[in-house]
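Engineer: Chains as they are written, first to last, in this note's numbering: chain Y, 896 to 1007; chain C, 896 to 1007. Before I ask anything, here is the structure I am working with.
Number of protein chains: 2
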Amino acid sequence: MGVTKTEHYTGRQNSISVLMKAFGHPARVAIIEYLLTVKSCICSDIVNELPLAQPTVSQHLKELKAAGIIRGSIEGTTICYCINESAIEIILNYLSEIALHIKHNNTTCCKP
Amino acid sequence: MGVTKTEHYTGRQNSISVLMKAFGHPARVAIIEYLLTVKSCICSDIVNELPLAQPTVSQHLKELKAAGIIRGSIEGTTICYCINESAIEIILNYLSEIALHIKHNNTTCCKP
DNA sequence: ACAATATATCGTAATATTGCAATATTAAAA
DNA sequence: TTTTAATATTGCAATATTACGATATATTGT
């Protein structure tokens, strides 16, 4: 049906999937990487850096913002967008836990 | 058009987005978490743990495997699935880089 | 006030994803 | 060999995503 049964999963499972999904498109990965290279976060020229039309970029930015990966505020005709460090930390902590679990469990099957 | 312009992005951007996308659904997050709790990785009962029909679980497992997040091999009527540690490490390294970049750049705008 | 510039929103087409019933496949067990 | 059990595949309906042209909005500069 194309609709996710969100209510059947834990809050953490849902919020992790939202954060990860935001990284789940190469355009958004490229946007994030571009934001990193720009020291000042006035980023009116993302459109020129990407092979995408302005409405498409705007939409990806909106999704990144909705997921909490970036923050932004209007500054005249330009927008100040930058990465929300704490969102990155949340994913990092989650994956670190997983990596620890794997090492701890030390499952011997499925080794290449 | 619903079709991603993969060819316009770097190989790294594409592969990161593939890995992250695999985590971009709560059912797959739940599957991964379940795999972690099972010491031996014979996981024939994922279906009983999740609020999803067997074909749906099978499909999510297929996607996780295609993305490289899990590995699996047939063992009679059951399947041995487990998490591919190196895939987790790849994401961890990538996000650590981003976090470092953020701290290093020390952009002062967009602070809450 | 008007033009220029930057970004957002709307509408829409193409494609992808999610979920499941039905069915197929596969190998162990009787 | 037939049944049983576990997983995969197929086909399909509902919904989501991606992308962009057209247009709206908003602010700056003249």
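Beta carbons are placed, not taken as given, at the ideal position from N, Cα and C, and that holds for glycine. Keep in mind the model is a prediction, meaning the values are calculated, not measured.
For Glu928 of chain C, is the classification buried or exposed, using 16 other Cβ atoms within 10 angstroms of its Cβ as the cut-off for buried?
Structural biologist: Result: buried.
Engineer: Find the residues of chain C that neighbour Thr901 of chain Y, judging by a C-beta separation of less than 9 Å, and give them in chain order.
Structural biologist: Chain C residues near Thr901 of chain Y: Pro921.
Engineer: Return no unless some Cβ of chain Y is closer than 7 Å to the Cβ of Val942 of chain C.
Structural biologist: Taking Cβ atoms only, chain Y never reaches closer than 7 Å to Val942 of chain C, which makes this a no.
Engineer: Starting from the Cα of Ala925 of chain C, find the closest Cα among C:Leu914, C:Met915, C:Ile941 and give me that residue.
Structural biologist: If we check each option's Cα against that of Ala925 of chain C, C:Ile941 comes out closest.
Engineer: Would you call the CB atoms of Pro921 of chain Y and Tyr904 of chain C closer than 7 Å?
Structural biologist: Yes, Cβ-Cβ distance for Pro921 of chain Y and Tyr904 of chain C is below 7 Å.
Engineer: Ignore the nearest five residues each way along the sequence and tell me which others in Leu959 of chain Y's own chain have a CB closer than 7 Å to its CB.
Structural biologist: Hits under 7 Å: Ala917, Arg923, Ile926, Ile965.
Engineer: On the DSSP letters alone, give me the boundaries of the beta strand (DSSP E) that Ile978 of chain Y sits inside.
Structural biologist: Ile978 of chain Y -> beta strand (DSSP E) spans 973-978.
Engineer: Given that Glu984 of chain C touches chain Y, what residues does it touch there, using C-beta distances under 8 Å?
Structural biologist: Simply Ala994.
Engineer: What residue range does the alpha helix (DSSP H) around His903 of chain C cover?
Structural biologist: Premise fails: His903 of chain C is in no alpha helix (DSSP H) and is neither H nor E.
Engineer: Tell me which residues share the same chain as His1064 of chain C and place their Cβ nearer than 8 Å to its Cβ, disregarding the 5 neighbours each side in the sequence.
Structural biologist: Examination of residue 1064 of chain C is not possible in this model, given that chain C is present from 896 through 1007 alone.
Engineer: Can you pull the DSSP bridge partners for Gly967 of chain C?
Structural biologist: Beta-bridge pairing links Gly967 of chain C to C:Tyr976.
Engineer: With DSSP run on the structure shown, which of helix, strand or coil describes Ser910 of chain C?
Structural biologist: Three-state DSSP puts Ser910 of chain C in a helix.
Engineer: Buried or exposed for Pro1007 of chain Y, going by 16 or more other Cβ atoms inside 10 Å?
Structural biologist: Model confidence at Pro1007 of chain Y stands at a pLDDT of 48, short of 50, so the residue's coordinates are unreliable; what they give is reported in the following sentence. Pro1007 of chain Y comes out exposed.
Engineer: Taking the straight line between their C-alpha atoms, what separation do you get for Leu930 of chain C and Ser953 of chain Y?
Structural biologist: Distance between the alpha carbons of Leu930 of chain C and Ser953 of chain Y is about 38 Å.
Engineer: Output yes or no for whether 7 Å exceeds the beta carbon distance between Leu990 of chain C and Ile985 of chain Y.
Structural biologist: Going by C-beta atoms, Leu990 of chain C is not nearer than 7 Å to Ile985 of chain Y.
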